[in-house]
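Undergrad:
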């Protein structure tokens, strides 16, 4: 299984070994009776988005089994779902939400304001593993004056508050065992989860909104990109949520039996330093490492003609994007000069904790080769997804690591000195705070552009490349999203002709 720091639950949150698992079979039924077979590399760690479920649980359950007051659409817009109406006070500190009428959970319990209150509190709880936990630190009070009204009071303005609410699943406040079961309000109920194989969703006939256009969706999990592609060719599955190997695309392109969609990605491949420890506590050393890596060559070696180079944590889909790829240019001689200025003319050695699933092992070997050219020795320590989460993310016991971050608008994490990479620039923290308290999107954008520029200048991390977002499906299947923002994959509109 794979956990990313996509950190919706830490994107983030979600491991890929060298063999594929047995897939389900693609149904021949059409219309409302169809079973849609979805192929993915991202099996959940568990079924909780505040308990470390990772990228896979977001992909399978967000918008399908669970809903929020708001949701992030495939086009990146924020739209209301369980919130029928909302108002905000003139000072921007008090949000009042009126809930949709007649909504019930899969257990049959009615949706009430108490469920919304407990769901937000689950994100901010001490044991929460939600990547958005710090975003809700501004919540000072949640009142429930009646069953359909929720009043949230903030300690300071939060221009992203409604956006952040799109990450919060509304869960029945009496539900138990949420790592293995569910009680949401979405158009599907959980069918059966066969760990290491499949997870099925069944259309819920009592859904409060428009019913799902198919009877069942089966997520089939693979541990190898080639096996995943072969499953589509042999009709074990109908659709691949995100192709992870460009070598597999040639059999689908210019083939009338398939539709290939190249959408907008928010997934960044990072070489993340532990900025708390030597020598990575020196910006000059981090910059030297950055300039020693031919990121263009790396991207081509992993993705061929796909993917994009980026110079900060911000993808082109974020409002505050800037092309900063030349702030730390590929220049081995500059890297050697910077190392000398940092007192490391003879180089140094560090351990790179590398997740065991693709493409990280290949990326690690590439970095090892590149950095050796400037006198830096890289010791590769291959670890599982679970080890990465405990060793790197929780215990901060690492020097440097590889990881993919799947969320959009996640540059703000560089304003949090307690985040796993330990980047601590008080000016950046202040700008992030000011951006969040902005009264207009123009003010927010201006502040976050300053953040982009500063973290690039400090080489807070090495942003190696932006993944492509490639969805491939059988040509008789339609109604799926192609952008996969934050690893969401809404399935209710998927139909087979």
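Residue numbers (this note's numbering): 51 to 547.
Glycine residues also receive a C-beta, built at the ideal position from the N, C-alpha and C atoms.
Quantities reported herein were computed from a predicted structural model and do not represent experimental measurements.
DSSP on residue 372, reduced to helix/strand/coil?
TA: Reduced to three states, the DSSP call for residue 372 is coil.
Undergrad: Does the beta carbon of residue 467 come closer than 8 angstroms to any beta carbon on chain E?
TA: In the structure shown, chain E does not exist; there is a single protein chain.
Undergrad: Helix, strand or coil for residue 386, going by three-state DSSP, please let me know.
TA: Here residue 386 sits in helix by DSSP.
Undergrad: Leaving aside the five residues before and after residue 448 along the sequence, list all residues of the same chain whose C-beta is less than 8 angstroms from its C-beta, in chain order.
TA: Answer for residue 448: 324, 401, 403, 441 and 442, listed in chain order.
Undergrad: Roughly how many angstroms lie between the CA atoms of residue 198 and residue 162, to the nearest whole one?
TA: C-alpha separation (whole angstroms): 6 angstroms.
Undergrad: So what does DSSP say about residue 216, is it helix, strand or coil?
TA: Residue 216 falls in the coil class under three-state DSSP.
Undergrad: Express the C-alpha separation of residue 272 and residue 246 in angstroms, rounding to a whole number.
TA: About 8 angstroms.
Undergrad: Measure the CB-CB distance between residue 119 and residue 215 and report whether it falls below 8 angstroms.
TA: Result yes, Cβ atoms of residue 119 and residue 215 sit closer than 8 angstroms.
Undergrad: Reducing DSSP to helix, strand and coil, say where residue 156 ends up.
TA: Of the three classes helix, strand and coil, the one that applies to residue 156 here is coil, per DSSP.
Undergrad: Near residue 307, what residues of its chain come up, given a Cβ to Cβ distance below 6 angstroms and the 5 sequence neighbours on each side ignored?
TA: So the qualifying residues of the chain are 525.
Undergrad: Closer than 8 angstroms is the cut-off here; do at least three beta carbon pairs connect the segment 258 to 276 with the segment 326 to 334?
TA: No, because fewer than three Cβ pairs between the segment 258 to 276 and the segment 326 to 334 fall closer than 8 angstroms, the two stretches do not touch.
Undergrad: Enumerate, from N- to C-terminal direction, the unbroken beta strand (DSSP E) stretches of 3 or more residues contained entirely within the segment 286 to 335.
TA: Whole beta strand (DSSP E) segments, 3+ residues: 308 to 313 and 318 to 323.
Undergrad: For residue 119, which three-state DSSP category applies?
TA: Note: residue 119 maps to coil in three-state DSSP.
Undergrad: Flag this pair as yes or no: are the beta carbons of residue 132 and residue 235 separated by less than 8 angstroms?
TA: Their beta carbons are under 8 angstroms apart, which means residue 132 touches residue 235 by this criterion.
Undergrad: What's the gap between the Cα of residue 107 and the Cα of residue 219?
TA: Straight-line Cα distance between these residues: approximately 12 angstroms.
Undergrad: If you check the beta carbons only, do residue 148 and residue 135 fall under 8 angstroms apart?
TA: For residue 148 and residue 135, yes; Cβs fall inside 8 angstroms.
Undergrad: Please classify residue 444 as buried or exposed, where buried requires at least 16 neighbouring CB atoms within 10 angstroms.
TA: Exposed.
Undergrad: Distance, Cα to Cα, residue 288 vs residue 84?
TA: Those two C-alpha atoms are separated by around 11 angstroms.
Undergrad: Take every Cβ of the segment 455 to 469, pair it with every Cβ of the segment 375 to 385, and state whether three or more of those distances are shorter than 8 angstroms.
TA: No, the segment 455 to 469 is not in contact with the segment 375 to 385.
Undergrad: Let me know the secondary structure DSSP gives residue 544 once reduced to three states.
TA: If DSSP states are grouped into helix, strand and coil, residue 544 belongs with coil.
Undergrad: Residue 512 to residue 539, Cα distance in whole Å?
TA: Roughly 28 angstroms separates the two Cα atoms.
Undergrad: May I ask which residues mark the beginning and end of the beta strand (DSSP E) holding residue 403?
TA: From DSSP, the beta strand (DSSP E) with residue 403 extends over 398 to 405.
Undergrad: Should the segment 496 to 503 be called in touch with the segment 474 to 485, which here means at least 3 C-beta pairs below 8 angstroms?
TA: Verdict: yes, contact present.
Undergrad: Could I get the ranges of all uninterrupted alpha helix (DSSP H) runs contained in the segment 450 to 529, with 4 residues as the minimum, in chain order?
TA: 476 to 486 and 491 to 507, all fully within the segment 450 to 529.
Undergrad: Using beta-carbon positions only, say whether residue 536 and residue 519 come within less than 8 angstroms of one another.
TA: Not in contact: residue 536 and residue 519 (Cβ atoms no closer than 8 angstroms).
Undergrad: Which value, in whole angstroms, describes the spacing of the CA atoms of residue 312 and residue 88?
TA: Going by the C-alpha atoms only, they are around 17 angstroms apart.
Undergrad: Measuring CB to CB, does residue 298 end up less than 8 angstroms from residue 408?
TA: No; because the gap between Cβ atoms is not below 8 angstroms, this pair is not in contact.
Undergrad: Can at least three beta-carbon pairs, one atom from the segment 98 to 115 and one from the segment 166 to 180, be found at a separation below 8 angstroms?
TA: Contact between the segment 98 to 115 and the segment 166 to 180 is present, because at least three Cβ pairs lie under 8 angstroms.
Undergrad: Tell me whether residue 365 is buried or exposed, calling it buried when 16 or more other Cβ atoms sit within 10 Å of its Cβ.
TA: Classification of residue 365: buried, given that the 10 Å Cβ count is 16 or more.
Undergrad: Below 8 angstroms, how does it come out for the segment 424 to 442 and the segment 190 to 197: are there three or more Cβ pairs, yes or no?
TA: Counting Cβ pairs under 8 angstroms, fewer than three are found: no touch.
Undergrad: Please report how far the alpha carbon of residue 545 lies from the alpha carbon of residue 529, in whole angstroms.
TA: Between residue 545 and residue 529, the C-alpha separation is close to 6 angstroms.
Undergrad: Would residue 426 and residue 469 qualify as a contact pair, given that the criterion is a beta-carbon distance under 8 angstroms?
TA: Taking 8 angstroms as the Cβ cut-off, residue 426 and residue 469 do not qualify as a contacting pair.
Undergrad: Mind checking which residues open and close the alpha helix (DSSP H) that includes residue 445?
TA: Premise fails: residue 445 is in no alpha helix (DSSP H) and is neither H nor E.
Undergrad: Determine the direct distance from the alpha carbon of residue 211 to that of residue 248, and round the result to whole angstroms.
TA: So the alpha carbons of these two residues sit roughly 35 angstroms apart.
Undergrad: Give me the Cβ distance between residue 201 and residue 146, rounded to the nearest whole Å; I'm assuming they're in contact under 8 angstroms.
TA: With a Cβ gap of about 5 angstroms, residue 201 and residue 146 count as contacting.
Undergrad: Just to confirm before moving on: does the CB-CB distance between residue 203 and residue 144 stay below 8 angstroms?
TA: In this structure, residue 144 lies closer than 8 angstroms to residue 203 by Cβ.
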